[in-house]
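What follows is one structure encoded as structure tokens, with my remarks underneath.
Residue numbers (our numbering): 10 to 98.
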């Protein structure tokens, strides 16, 4: 049996997510990554005035990245989502 996290990804994706501040917002934002079997390889959080900016770097397939982006965009606490990719080093 092969788990999604064991599948060789085609590229690394970077999600830039702006959210409201709240005690459980980070956990809610990370939920879709776990559901889609993403391997998080980098995570950064920068607090702002009434908001926080997240940079989440993951390894997963392009189709899954689009699904995660749509799920994040539908969350009430999320103000905006940006998606790009980087070449792994």
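Even for Gly, the Cβ is constructed at its ideal location relative to N, Cα and C.
- For residue 78, same chain residues with a beta-carbon under 8 Å away, outside a window of 5 residues either side, are 24, 90, 92 in chain order.
- One Cα belongs to residue 43, the other to residue 69, and the distance between them is close to 11 Å.
- If you compare the alpha carbons of 60, 22, 58, 34 with that of residue 47, the shortest gap goes to 22.
- Under the DSSP assignment, residue 93 falls in the beta strand (DSSP E) whose first and last residues are 87-95.
- The C-beta distance from residue 61 to residue 28 rounds to 6 Å, short enough to fall under 8 Å.
- Residue state for residue 33 is assigned as coil, using DSSP reduced to three classes.
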